[in-house]
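2 protein chains.
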Amino acid sequence: MPTKTVINAAGRSVPLEINGQPVVPYKGVGKHKPEGRKYSPPIPTCSDYPEDGNKVVNSLEEALRKCGIGDGMTISTHHHLRDGDLVSNKVFELASAMGVKDLIWFPSASFPCNDPVINYLDNGTINRIEGSMNGPLGRYVSEGRMKGTAVLRSHGGRVQAIQDGEVRIDIAVLAAPTADSFGNAKGTGGTSACGVLGYAKADYMYASKVVVVTDNLVDLPCVPMEIEGNYVDYVVVVDKIGIPEKIVSGTTQITKSPDRLLIAELTASFLEKSGILKDGVTIQAGAGGTSLAIAVFVHEILKNKRWKSKFGFGGSTKYMVKMLEEGQMGFILDAQAFDLDSVKSIENNPNHVPYPVFNAYNYHSKGNLTSLMDIMILGATEVDLNFNGNVVTHSDGYLLHGIGGWQNCLHARNVILPIPLFRDRIPVIVDEVTTLCGPGELIDVIITERGIAINPLRQDLIESVKGSGLPIKTIKELKDEAEKICGIPEKPQFEDEIVAAVKWVDGTVIDVVRKIKVR
Amino acid sequence: MPTKTVINAAGRSVPLEINGQPVVPYKGVGKHKPEGRKYSPPIPTCSDYPEDGNKVVNSLEEALRKCGIGDGMTISTHHHLRDGDLVSNKVFELASAMGVKDLIWFPSASFPCNDPVINYLDNGTINRIEGSMNGPLGRYVSEGRMKGTAVLRSHGGRVQAIQDGEVRIDIAVLAAPTADSFGNAKGTGGTSACGVLGYAKADYMYASKVVVVTDNLVDLPCVPMEIEGNYVDYVVVVDKIGIPEKIVSGTTQITKSPDRLLIAELTASFLEKSGILKDGVTIQAGAGGTSLAIAVFVHEILKNKRWKSKFGFGGSTKYMVKMLEEGQMGFILDAQAFDLDSVKSIENNPNHVPYPVFNAYNYHSKGNLTSLMDIMILGATEVDLNFNGNVVTHSDGYLLHGIGGWQNCLHARNVILPIPLFRDRIPVIVDEVTTLCGPGELIDVIITERGIAINPLRQDLIESVKGSGLPIKTIKELKDEAEKICGIPEKPQFEDEIVAAVKWVDGTVIDVVRKIKVR
């Protein structure tokens with residue numbers, strides 16, 4: 000079915016309707032003013048819930064039946080159990096067995112362990128996934144095999160969509176490492192601890208029905224109540240919600256690549272020399288190998304200068320925990336824990352505080368945490384000459400990566416992308432990004448192993464490192480250098496069919512992903 | 000204007016409309032099934048808020064102007080600063096100076112310090128108060144002097160009304176002992192600490208505009224974030240939000256009256272002999288002198304038996320804190336702190352946890368904390384032969400008391416009213432309560448200095464204390480005994496005019512208060 004498209008404010012051709020629903024084309028950063036009111040779920044009454052507060056039912060199947068699972072419903076899950084998640088797939092296995100069709104899966108992220116849901120996409124149980132898709136799931140979408148159109152949102156865009164009623168969750172199925180029979184739940188404790196449940200808040204607040212699935216039922220009250228029991232309908236106790244070693248996966252290893260280490264060192268040096276790194280600085284970095292190395296270098300500088308970061312926003316890692324515990328960081332505000340050290344820290348350190356993405360990243364709230372961050376370290380699959388960034392499509396044009404919190408984080412004061420100049424001999428800097436995920440005006444600095452490019456919009460930063468000896472270049476120079484080494488690779492080719500829409504943080508459509516043309 | 004009334008399920012004559020809005024007559028406990036959806040405030044956008052997160056404005060007046068204060072708006076405040084509150088009156092002083100008319104004041108409670116708002120009722124700045132009214136404010140209402148009709152709600156009924164959109168808050172002005180410039184705030188710290196801010200949650204979540212007023216501005220992040228900054232529009236810093244000695248007023252003194260002590264002893268004895276008091280028991284009591292004495296006696300029993308209460312729900316007092324610290328209570332879940340020991344405990348004890356009334360008492364949620372409480376100690380101004388209770392009108396017929404959480408607490412497993420048989424030679428047990436606040440089917444036991452009456456609906460309790468030696472009597476016997484001593488006082492007389500409506504926990508109208516007939 001041909002879709003009517005328009006050119007949005009970023010110059011991208013986007014549809015006016017996705018999955019039968021009208022959508023708003025991207026209008027520019029901060030330009031879309033939402034009208035109307037937040038979404039309002041049905042009013043429940045205590046008289047429909049057990050007086051003794053015991054909401055435990057016998058099985059997930061029973062819970063789904065009691066929730067009235069039916070064709071076309073939207074089912075949400077969170078990704079805190081990461082690649083060890085044993086709950087999400089089970090929902091669709093059960094739905095499939097019940098003969099339910101055309102569900103919308105609305106995860107906060109998906110992982111390789113979720114690849115089996117392809118079976119339920121194939122057999123019609125699931126119509127589409129609205130959420131990040133990595134690896135095989137993304138490939139499935141890129142090949143045009145998913146019935147509905149995928150909708151990709153940032154973590155903040157996801158909670159904005161829930162709050163504003165763009166996505167109406169019928170049933171939220173929320174895995175919880177610890178819960179009580181009333182449905183209060185948290186991310187610590189038990190054998191499947193993941194630290195915090197920062198991605199579950201909008202789901203339980205706005206879903207019509209909420210199911211908590213736990214393998215560690217404790218006496219009421221389960222504190223802290225990251226999930227508040229008075230929003231919960233049913234509690235299911237299972238043997239295992241996750242595979243512990245895959246929940247906190249130990250992938251948070253500092254890079255050993257000499258090139259990546261060089262990038263990390265250059266980044267730390269840039270932060271220091273530009274004056275961005277200072278006493279009281281606020282920091283957010285990721286859990287990739289380069290980011291971790293940057294954290295270690297930054298920690299050294301803070302220690303040497305006797306400076307202290309006011310707070311860091313997690314995804315937390317052991318390197319942030321080290322800063323906190325050694326006195327170079329005041330607080331960790333945390334939406335998800337990446338490793339065991341972080342999980343332990345949340346349990347023990349009063350200044351390591353759960354901070355849901357609903358509060359940190361929701362652009363349709365009265366302020367975001369991200370715009371308060373001095374240092375924001377991010378990645379990208381591609382950056383173009385206008386500093387536009389792509390994080391979802393791979394160099395081969397396939398939809399292989401999720402947005403995560405990337406778009407939300409672009410609102411930080413200094414957005415820095417430490418990225419290699421090329422990956423597998425394919426240059427990362429291109430004329431124009433395949434998929435536009437973030438507008439260049441929000442991306443300040445690109446740091447590669449062969450030089451640093453500062454966005455011309457940031458003359459203050461360009462001034463700040465004059466005479467610093469740092470290898471400052473234009474982004475064009477960096478691109479040319481990469482192409483001199485690698486050549487210019489052939490561009491991926493696409494069909495007209497739109498297989499995924501990419502939303503901006505305000506719910507507007509910034510770009511689409513089209514079906515890959517198989518050559 | 001004559002109001003159309005009907006007889007509700009409790010046999011009370013109630014109007015079908017209050018202040019021009021249709022209302023639903025009370026249908027019986029658990030009988031009203033809400034339809035429709037929760038209230039949805041307007042969708043905000045980060046692009047309208049300062050990027051640096053600094054929402055501090057110069058004055059409360061500026062904040063109110065920026066919020067667009069105007070005629071007929073609803074202004075909410077909380078009562079955590081109790082009789083030391085310096086913020087609520089200021090709002091109306093400013094509104095009056097601005098010439099704003101017909102505001103609705105929607106406090107979570109009022110105190111003697113709020114009596115000056117009578118000036119703003121008199122001069123038309125305030126149309127009516129929807130909330131508890133004590134002393135002079137109540138007398139003002141009873142005399143028919145308030146322009147609009149008062150609406151009395153329980154703490155839980157108040158948050159239900161907010162959530163369901165029966166009351167739509169235009170501006171919530173929330174005093175906070177500690178806050179950061181983003182609007183994150185808490186009840187501890189500074190010179191005006193009140194412990195927790197358990198009454199502010201529904202207000203900040205559902206109000207169109209939210210102003211935080213503090214006298215202790217701290218660096219971001221203010222943790223714990225009892226008020227979440229991403230719901231806050233403006234922050235105002237003032238010299239003093241409250242008078243410390245009146246905030247935690249030290250009124251939490253154990254009774255010295257021999258009669259009241261006897262009632263407390265009898266209550267503890269009843270709890271023990273009936274088997275209600277047991278290992279793992281859940282307890283809620285108030286901060287009145289008799290309740291505190293009961294807490295001390297109960298603590299002794301727990302200690303002697305080596306039992307532990309699973310948790311207590313606050314209003315917290317030093318006697319609960321003592322149980323917690325000495326190991327006879329697992330957790331204190333707390334919506335408000337009554338004394339300095341409690342404030343300190345919240346700051347220091349990880350098992351003393353803020354627990355908003357929005358989560359504990361909202362009958363239109365998926366379960367209440369109150370129905371999980373084994374022991375609920377409450378008061379009443381009158382109880383009648385059917386165990387119906389009145390907590391708002393005084394024996395002279397004047398509206399002199401607030402409902403507080405009383406109606407919500409009636410949902411506990413064992414609701415016990417330790418009350419004197421008479422006050423100022425006026426019997427407390429009457430043929431029929433002047434104002435029906437809680438239906439008798441929810442009130443289990445009346446304990447007086449001259450005997451204990453158990454509701455015949457609770458045959459299990461009657462059985463449990465057979466042969467215990469406790470002075471068990473019928474409620475009729477207690478009433479007769481009181482009347483033998485005091486005589487039967489003349490009944491207060493009322494005009495037809497309705498001056499206040501009393502809502503049940505589900506938003507229906509259970510009774511009204513009529514204008515007093517001055518003789």
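Taken in sequence, the protein lines are chains A and B. In case it helps, numbering that gives the first Met the number 0 puts the first sequence at residues 0 to 518. In case it helps, numbering that gives the first Met the number 0 puts the second sequence at residues 0 to 518. No residue lacks a Cβ here, since even glycine has one placed at the ideal position from N, Cα and C.
query                                                                                                                                                                                  : result
Please tell me whether A/C45 has its Cβ less than 7 Å away from any Cβ of chain C.                                                                                                     : In the structure shown, chain C does not exist; the protein chains are A and B.
Take A/I497 and list the residues in its own chain whose beta-carbon comes closer than 7 Å to its own, dropping the five residues that flank it on each side.                          : T2, P14, T148, V511 and R513
In three-state DSSP terms, what is B/A171?                                                                                                                                             : strand
Based on Cα-Cα distance, which residue from B/S273, B/A178 and B/A294 lies nearest to B/K465?                                                                                          : B/S273
Residues in the same chain with beta-carbon distance under 8 Å from A/E494, minus the five sequence neighbours each way, listed in chain order, please.                                : G143, R513, K514, I515 and K516
Check whether the region 376-384 of chain B touches the region 318-338 of chain B, counting contact only when three or more Cβ pairs, one atom from each stretch, lie closer than 8 Å. : no
Give me the residue from B/P135, B/P455, B/F105 and B/P106 with the minimum Cα distance to B/I117.                                                                                     : B/P135
Check the Cβ-Cβ distances between B/K365 and every residue of chain A, and say whether any is below 7 Å.                                                                               : yes
What's the C-alpha gap between B/D47 and A/K365?                                                                                                                                       : 8 Å
Is A/I275 closer than 7 Å to A/D389 when the C-beta atoms are compared?                                                                                                                : According to the sequence provided, residue 389 of chain A is Asn. The question's Asp does not apply to it. For A/N389 and A/I275, no; Cβs fall outside 7 Å.
Taking 6 Å as the limit between beta carbons, can you name the residues of its chain near A/N350, skipping five residues before and five after?                                        : F330
Quick one: measure Cβ to Cβ for A/P419 and A/T447, integer angstroms, because I've assumed they're closer than 8 Å.                                                                    : 6 Å
At a CB-CB cut-off below 9 Å, which residues of chain B make contact with A/K32?                                                                                                       : T44, S46 and D47
Please confirm if B/G29 has its CB atom under 7 Å from at least one CB of chain A.                                                                                                     : yes
Comparing alpha-carbon positions, which option in A/E129, A/P417, A/E476 and A/A500 lies nearest A/S268?                                                                               : A/P417
Only counting the same chain, and skipping five residues up and downstream in sequence, which positions put a Cβ closer than 8 Å to that of B/I168?                                    : T73, I74, S75, F105, I161, D202, Y205, A206 and S207
Leaving out the 5 sequence neighbours to the left and right, which residues in its chain are closer than 7 Å to B/P220 when beta-carbon positions are compared?                        : D179 and N183
Say the cut is 6 Å; is the CB of A/A286 nearer than that to a heavy atom of the ligand FAD?                                                                                            : In the structure shown, the ligand FAD is absent, as is every other ligand, since no ligand is present at all.
Can you grab the Cα-Cα spacing for the pair B/S370 / B/N53, in whole Å?                                                                                                                : 42 Å
Which value, in whole angstroms, describes the spacing of the CA atoms of B/W227 and B/V342?                                                                                           : One detail in the question is off: residue 227 of chain B reads as Glu in this sequence, not Trp. Approximately 20 Å between the Cα atoms of the pair.
Assign A/Y119 to one of three DSSP states: helix, strand, or coil.                                                                                                                     : helix
Kindly list the residues whose CB is nearer than 8 Å to the CB of A/H400, restricted to its own chain and excluding five residues on each side of it in sequence; keep chain order.    : S131, N133, G137, T380, V390, V391, T392 and H393
Name, going along the chain, the residues of the region 307-321 of chain A whose beta-carbon falls closer than 8 Å to a beta-carbon of chain B.                                        : K309 and F310
For the alpha helix (DSSP H) containing A/T2, list its first residue and its last residue.                                                                                             : A/T2 -> no alpha helix (DSSP H), and no H or E assigned at all.
Assuming contact is defined by CB atoms lying nearer than 7 Å, are A/Y233 and A/V212 in contact in what I supplied?                                                                    : no
Is B/F421 close to chain A, meaning its C-beta is less than 7 Å from at least one C-beta of that chain?                                                                                : no
What is the DSSP secondary structure of A/N348, reduced to helix, strand or coil?                                                                                                      : coil
Is there contact between the region 13-27 of chain B and the region 7-24 of chain A, where contact requires at least three CB pairs shorter than 8 Å?                                  : no
In the region 178-217 of chain B, which residue ranges form an unbroken beta strand (DSSP E) of at least 3 residues, counting only runs that do not cross its ends?                    : 208-213
How many Å lie between A/D84 and A/S109 at the Cα?                                                                                                                                     : 9 Å
Report the CB separation of A/A481 from A/P438 in whole angstroms; it is logged as a contact under 8 Å.                                                                                : About 22 Å separates the two Cβ atoms, so there is no contact after all.
Using a Cβ-Cβ cutoff of less than 7 Å, which residues in the same chain neighbour B/H31 once the five nearest sequence positions on both sides are dropped?                            : V23, D505 and T507
How far does the alpha helix (DSSP H) with A/L63 in it reach, from first residue to last?                                                                                              : L59 to K65
Do you know whose CA, among A/L435, A/E431, A/T433 and A/K478, lies nearest A/A452's CA?                                                                                               : A/K478
Output yes or no for whether 7 Å exceeds the beta carbon distance between B/G155 and B/N387.                                                                                           : no
Here's a check: name, in chain order, each residue in its chain whose Cβ is nearer than 8 Å to the Cβ of A/N361, leaving out the five neighbours to either side.                       : G155, V158, Q159, Q162, A201 and N367
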